[in-house]
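In numbering that gives the first Met the number 0, the protein residues as written are 0 to 155.
We treat Cβ as the ideally placed atom computed from N, Cα and C, and that holds for glycine.
Data block below; observations after.
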Amino acid sequence: MRKLNSISWLSVTVVSVLLAIQFIPVERNVSTVPAGQSFEITEKVPASVAAILKVSCYDCHSNNTRYPWYSEVQPGAWFMAQHIKKGKEELNFDQFNVYSKRRKKAKIKSIISQIEKEEMPLKSYLLLHHDADLTPDKQKILMQFFQSELELQNMK
0 MRKLNSISWL SVTVVSVLLA IQFIPVERNV STVPAGQSFE ITEKVPASVA AILKVSCYDC
60 HSNNTRYPWY SEVQPGAWFM AQHIKKGKEE LNFDQFNVYS KRRKKAKIKS IISQIEKEEM
120 PLKSYLLLHH DADLTPDKQK ILMQFFQSEL ELQNMK
């Protein structure tokens, strides 16, 4: 009987903690980019490339995240917020226009490398975002664009 009571108290405690953490807010990654400053405009991105970036990259690498249902549930929201913060520290397409020439080139080289190695999007992200998967066709489109961007940066 005592063992059952301790299990009951443990269950009540765990459920109480899970319920309580639902009320701890997480800052949302939603802002506007000033007109004319978006990556698509400053870098003259073709519509085909912009569409891929929006679905496969921008949730973690821009100032605007599409929030799915699980972002409303803790601890998932904390996990997601941490991924977004880390992703934006590595590369923020909404800040790309203010990067130095050297930093732009380094970021483009990194993008190319990560596409080649299939490191992005993260596998954990793809588990719930199947549409973000970079198929060989999407990889080819992105590689062609970023290779030409790298050449343009080298000419500047």
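Query	Result
Could you tell me the alpha carbon to alpha carbon distance between residue 10 and residue 72, rounded to whole angstroms?	19 Å
Taking the alpha carbon of residue 56 as the point to measure from, which residue in 40, 7 and 133 has its own alpha carbon closest?	133
Helix, strand or coil: which one does DSSP assign to residue 29?	strand
Where do the ends of the alpha helix (DSSP H) carrying residue 48 lie?	46-55
Should residue 93 go down as buried or exposed, given a rule of 16 or more other Cβ atoms within 10 Å for buried?	buried
Have a look at residue 0 and residue 8 and give me their C-alpha separation to the nearest angstrom.	With a pLDDT of 48 at residue 0, under the threshold of 50, the modelled position of this residue cannot be trusted, and the question is left open.
Quickly, what does DSSP pair residue 63 with across the bridge? List them, please.	29
Hey, how far is the Cα of residue 64 from the Cα of residue 146?	26 Å
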